Every structure is written in C-alpha cells, then in structure tokens.
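For reference, the structure is listed below as structure tokens.
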Amino acid sequence: DGGYKRASLPTGRNAADFVDWKFAKDYDETSVRLDAMLSSHCDADHYGGLWDLLNPAQRSELDCKTVSVEAFYHAGVGWWKDNSANKRWLGNTTPDGKFLLQLMEDRDQILRALPKNANPALQGEWSKFMEAVTNTTDAAGNPTPCHRLSHADHILPGFDGSAGSDFKKVRVVFGDRCNGTSVMRRERGWCERGTGAATHCWLICCRTSGDGELTLGCGGLEVITRFRCHFGGGGRRIRLPGVSCYGCQVS
C-alpha cells in the first residue's frame, strides 16, 4: 500500500518517495527494483502511492531513473464501469447476490478491461493505475506479471524463506469468504454500510517472518478486528480481536 497519490496530499509526498529514498539514498542505487508489489485493495487512499511509483508522468519526482517490479499482486476485486447507471460498481454477482463474479485476474485479462469500450471495463483512477501496472516491466525488461491472491495462496510465491536466512518468509492472510478461483463471497453486515466498507472486505494482509520478528502488513487495521480470517498451513480460522491473533509484534 502507498497512501493517496501525491496530488491528493498536503505534503506532496507518499510511499513512492520513501521507496525512492530507500533505493537512491540508503542503497545508493539508481534504479528501484522490487521483487513484488502488493495492492491490498482498490481504495484510492491505498494504491495512490503505488501508482505514483509506476506512473511515467511522475518519474521526475524520483531520484532513481528507473523502476522495475518482478511481480504484481492484487485482491481481485476492482472498480468497474456500470454503464446502466453511469457510475462505478464492484461488478456482477450471482443471482442470489452472494458471490462476486467479476474479478480481475492476470495481466492479459486486465489489459482486455482497459479500453473504454471494453465489456466489462475497469473504471476511473483504478483503471489508470492498472494501466500503469501493465506498462511496468521486470528487471529483464519483460512485462511485469500480475496475479490475484486468494485464500489458496498460503505463501507469497518466491517468498517461502528458502533463499537464505536473510530472506523473509511472507505468509498471505486473506478473508476466508473466498470460493475457488473465479468467485468471491460478498460479506454482509458491516460491508454493506457503505462503499468504502465493501472494498475493505477483500483486502490482502501479509505476515512477514524473519530475523526473529513477525510483522503484519495490512491495508486497514480496523478490518481485521471484524472479520474471521485464516492463513495457510493448518487452515485454522480465527475471529480477530486484534493484531495479536496473528502472533505479530509489529504492524
């Protein structure tokens, strides 16, 4: 997550500038090279900084000359055009309204949803962010692959800790209201109180373990106090009264 885009912040700075500082000043590098980028969910106050990091129009704000990303991950739920009502929505559901059917998947599927006349078509700033993602490349110059994370992804691909003691293990924590790879259950109650609450229902959390410390990365701490979640391994489901249920010291 990266907060709002710079243009929406009084400071004119966000996570993109921190990442740039880390590589340019701390690592003394001329390029930002990320092993993975995760967008927890489709709210502008969470993906704006990621967008600024990838957006060529914002490149002059960075000290580093180039940005590469080896893999991009998202939660699947996105903003789509609802042509019938001339507004945005989260997409089609099953007849009973229990499952969302219109999920983003890989890079090719995202590309097909970018044109204005696409059906379905991604909407607004979320669409522009996804366009920047699809224009991003890895360190070798190949298009950055995009993947939807779900409850089946217990460990973030490539982050199982096998690369050495200094390599973090990243366990994906995701709401247990998923069903397979093509639909996602709509949460009732708190999620239906407003649009923002609805998008929070499908955010990605990650628990990073390494160097004797467990750290929770989450797109909204208020959410994990309200939802039953599970993470891989034993498939244990728990109702979360707070971050301590993840066994994390830092969040």
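Each residue of the sequence shown is one higher than the last, beginning at -19 in our numbering.
Every residue, glycine too, gets a C-beta built ideally from N, C-alpha and C.
This one's a predicted model, so the numbers in the text were calculated from it and none came from an experiment.
Per DSSP, Glu111 forms a beta bridge with which residues?
Indexing the sequence shown from 1 puts residue 111 at position 131. Looking at the DSSP assignment, Glu111 forms no beta bridge with any residue, so it has no partner.
Arg173 by DSSP, collapsed to three states: which one?
Here residue 173 refers to the residue found at position 193 of the sequence shown. In this predicted model, Arg173 has a pLDDT of only 41, less than 50, meaning its place in the structure is not dependable enough to derive any value.
Three-way DSSP call (helix, strand, coil) for Thr205 in this model:
Reading the sequence shown from its first residue, position 225 is the one you call residue 205. With a pLDDT of only 45 at Thr205, under the threshold of 50, the placement of this residue in the model should not be trusted, and no figure is reported.
Grab the span of the alpha helix (DSSP H) containing Trp60 for me, first residue to last.
Taking the first residue of the sequence shown as 1, we reach residue 60 at position 80. Careful: Trp60 lies outside any alpha helix (DSSP H), inside the beta strand (DSSP E) at Trp60 to Asp62.
Is it the case that the Cβ atoms of Lys96 and Gly29 are separated by a distance below 8 Å?
The sequence position of residue 96 within the sequence shown is 116, counting from 1. The sequence position of residue 29 within the sequence shown is 49, counting from 1. No, the Cβ-Cβ distance between Lys96 and Gly29 is not below 8 Å.
Mark Asn99 as exposed unless 16 or more other C-beta atoms lie within 10 angstroms of its C-beta, in which case mark it buried.
Working through the sequence shown from its first residue, we reach residue 99 at position 119. By the 10 Å Cβ count, Asn99 comes out exposed.
Of the residues Leu70, Asp76 and His127, which one's Cα is nearest the Cα of Asn91?
Counting from one through the sequence shown, the residue named residue 91 turns up at place 111. The question names Asn, but residue 91 in the sequence shown is Leu. Residue His127 is the option with its Cα nearest to Leu91.
Counting pairs of Cβ atoms below 8 Å between the region 31 to 45 and the region 76 to 91, do you hit three or more?
no
According to DSSP, is Asp156 helix, strand or coil?
Taking the sequence shown and counting its residues from 1, one reaches residue 156 at position 176. In this prediction, Asp156 scores a pLDDT of 40, lower than 50, which makes its location untrustworthy; no coordinate-derived value is stated.
Among Gln103, Leu136, Asn66 and Gly56, which one has its Cα closest to the Cα of His21?
Walking along the sequence shown from the start, residue 21 turns up at place 41. Taking only the C-alpha atoms, the option nearest His21 is Gly56.
Please name the residue in Asp25, Asp191 and Leu83 whose C-alpha comes closest to that of Arg(-7).
The sequence position of residue -7 within the sequence shown is 13, counting from 1. For Arg(-7), the nearest C-alpha among the options comes from Asp25.
Note down the Cα distance separating Met84 from Thr195, rounded to an integer number of angstroms.
Against the sequence shown, residue 84 aligns to sequence position 104. Against the sequence shown, residue 195 aligns to sequence position 215. C-alpha separation (whole angstroms): 28 Å.
In this structure, does DSSP put His127 in helix, strand or coil?
Counted from its first residue, the sequence shown places residue 127 at position 147. The answer is strand: DSSP assigns His127 an E or B state.
Let's see if you can read the secondary structure: which residues bound the alpha helix (DSSP H) around Gly29?
Residue mapping note: residue 29 aligns to position 49 of the sequence shown, counting from 1. That run of the alpha helix (DSSP H) goes Ala24 to Leu34.
Between which two residues does the alpha helix (DSSP H) holding Arg68 run?
Position 88 of the sequence shown, counted from the start, is the residue given in the question as residue 68. Here Arg68 belongs to no alpha helix (DSSP H); instead the beta strand (DSSP E) covers Lys67 to Trp69.
Ranges of the alpha helix (DSSP H) found wholly within the region -13 to 21, counting only runs of at least 4:
-5 to 1
Alpha carbon to alpha carbon, how far is Leu18 from Ser142?
As a working mapping, residue 18 is identified with position 38 in the sequence shown. As a working mapping, residue 142 is identified with position 162 in the sequence shown. Leu18 and Ser142: Cα-Cα distance of roughly 21 Å.
Suppose contacts are defined by Cβ-Cβ distances below 8 Å. Is Leu102 in contact with Trp69 by that definition?
Position 122 of the sequence shown, counted from the start, is the residue given in the question as residue 102. Position 89 of the sequence shown, counted from the start, is the residue given in the question as residue 69. Not in contact: Leu102 and Trp69 (Cβ atoms no closer than 8 Å).
Could you give the residue range of the alpha helix (DSSP H) that holds Cys92?
Numbered from its first residue, the sequence shown carries residue 92 at position 112. The question names Cys, but residue 92 is Arg in the sequence shown. Arg92 -> alpha helix (DSSP H) spans Arg87 to Arg92.
Which term fits Ala(-13), buried or exposed, when burial requires 16 or more other beta carbons within 10 angstroms of its beta carbon?
Residue mapping note: residue -13 aligns to position 7 of the sequence shown, counting from 1. Burial call: exposed.
Can you tell me whether DSSP reads Gly(-18) as helix, strand or coil?
Position 2 of the sequence shown holds residue -18. Here Gly(-18) sits in coil by DSSP.
Considering only DSSP beta bridges, list what Thr46 is partnered with.
Position 66 of the sequence shown, counted from the first residue, corresponds to residue 46. DSSP, once it has assigned bridges, lists Ser11 as partnering Thr46.
Provide the residue span of the beta strand (DSSP E) that contains His54, from first to last.
Here residue 54 refers to the residue found at position 74 of the sequence shown. Note, His54: beta strand (DSSP E), Phe52 to His54.
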